[in-house]
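Basically our numbering = 1-based index in the sequence shown + 31. Each residue gets a CB set at the ideal place from its N, CA and C atoms; glycine is no exception. Quick notes on the structure that follows.
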Amino acid sequence: MVRRFVTISILVFLVVLPLSDAVAQKRGDKKRGGELLSEIKNPQSVFRAMERAWKNADAKSISSMVGKRKAFIHIRGAGDSGGFYSRSQVFYLFKRMFKEYRQLKFEFVKFHNLERPDRRVYAIAYRSCRIMRSDKVFQDKVYITLGREGRDWVVTEIKTTR
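Rendered as structure tokens:
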């Protein structure tokens, strides 16, 4: 009986030990996978996606970069006064703006606080637009600020200056 108990104990030990290592390794892989995800979703990738979406007049992509909280938006050509807008409001705001103003150029030229990912980061882009009704062209600077929402970087502010 003792011999049978010892044999069963050894078999259980030989089966459980490798399983616990596999479980621990799997947890480690998930953690590493999460770290890789955060590397992909860094501020620079959000700014690149914003630049691509703005050049393509893609209101849906721009609004998807806004977090669950409202973002402050004050853009020439998107209403007279700035305010805080939800993701769905940002979609309609940009959709209307892209109908009324043809985007000729949108390019980021400066990035700030990228070396400190725990803080808010922002970038400055130069923009050129043609007003569809009058055919006039204007240029301005667009400031876009990103903040953390959980592990993600989301747009918290978009504003323009001349």
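message: Buried or exposed for R58, going by 16 or more other Cβ atoms inside 10 Å?
response: Reading the sequence shown from its first residue, position 27 is the one you call residue 58. With a pLDDT of 41 at R58, under the threshold of 50, the modelled position of this residue cannot be trusted; read the value that follows with caution. By the neighbour-count criterion, in which 16 or more other beta carbons inside 10 Å mark a residue as buried, R58 falls on the exposed side.
query: With distances taken from CA atoms, which of E131, V152 and I175 is nearest N73?
result: By 1-based counting over the sequence shown, the position of residue 73 is 42. Minimum Cα distance to N73 is reached at V152.
field: Straight-line gap, L68 to T187 (C-alpha atoms, nearest Å)
entry: Locating residue 68 in the sequence shown gives position 37, counting from the first residue. Locating residue 187 in the sequence shown gives position 156, counting from the first residue. Residue placement at L68 is poorly supported in this model, since its pLDDT is 36, which falls under 50; the coordinates are not used for a value here.
message: Going by the DSSP bridge assignment, what does K141 pair with across the sheet?
response: As a working note, residue 141 is residue 110 in the sequence shown. In the DSSP output, where bridge partners are listed per residue, K141 has I155.
message: With H, G and I counted as helix, E and B as strand and the rest as coil, what does DSSP make of K126?
response: Reading the sequence shown from its first residue, position 95 is the one you call residue 126. Residue state, collapsed to three classes: helix.
DSSP-derived helix/strand/coil call for A109: Within the sequence shown, residue 109 is the residue found at index 78, counting from 1. The answer is coil: DSSP assigns A109 none of H, G, I, E or B.
field: Backbone secondary structure at E188 - three-state DSSP
entry: For the purposes of this step, residue 188 is identified with residue 157 of the sequence shown, where counting begins at 1. Correct three-state label for E188: strand.
message: If distances are taken between C-alpha atoms only, which option among S159, F122 and G108 comes closest to K136?
response: On the sequence shown, position 105 is the one that residue 136 refers to. Scanning S159, F122 and G108 for the CA closest to the CA of K136 turns up S159.
- prompt: For R127, which option in V173, D89 and Q75 has the closest C-alpha, if you only look at C-alpha atoms?
  reply: Within the sequence shown, numbered from 1, the residue matching residue 127 stands at position 96. Looking at V173, D89 and Q75, the one whose alpha-carbon comes closest to that of R127 is D89.
message: Bridge partners for K99 per DSSP, in chain order?
response: On the sequence shown, position 68 is the one that residue 99 refers to. Paired residues: none, contrary to the question.
query: To which residues of the same chain is F78 closer than 8 Å at the C-beta, ignoring the five residues directly before and after it?
result: Working through the sequence shown from its first residue, we reach residue 78 at position 47. So the qualifying residues of the chain are F139, F142, A154, I175 and L177.
task: Tell whether a beta-carbon distance below 8 Å holds between A102 and I189.
output: Counted from its first residue, the sequence shown places residue 102 at position 71. Counted from its first residue, the sequence shown places residue 189 at position 158. With contacts defined as CB atoms closer than 8 Å, A102 and I189 qualify as a contacting pair.
message: Considering only DSSP beta bridges, list what R161 is partnered with.
response: Stepping through the sequence shown from its first residue, residue 161 is reached at position 130. Looking at the DSSP output, R161 bridges to R133 and V168.
message: Counting C-beta neighbours from all protein chains within 10 Å, is the total for S51 16 or more, i.e. buried, or is it exposed?
response: Counted from its first residue, the sequence shown places residue 51 at position 20. At S51 the pLDDT is 43, less than 50, meaning the model places this residue with poor confidence; the figure from the coordinates comes in the next sentence. It counts as exposed.
field: One or two residues paired with R179 in a DSSP bridge
entry: Counted from its first residue, the sequence shown places residue 179 at position 148. DSSP output for R179 lists W184 as bridge partner(s).
message: Whole angstroms are fine: how far does the CA of N144 sit from the CA of E180?
response: Counting from 1 along the sequence shown, the entry for residue 180 is found at position 149. Counting from 1 along the sequence shown, the entry for residue 144 is found at position 113. One C-alpha to the other measures close to 17 Å.
message: Within 10 Å of its beta-carbon, does V33 have 16 or more other beta-carbons around it, so buried, or fewer, so exposed?
response: Position 2 of the sequence shown holds residue 33. For V33, the predicted structure reports a pLDDT of 49, less than 50, and the residue's modelled location is therefore unreliable. A value from the coordinates is still provided. Flag for V33 reads exposed.
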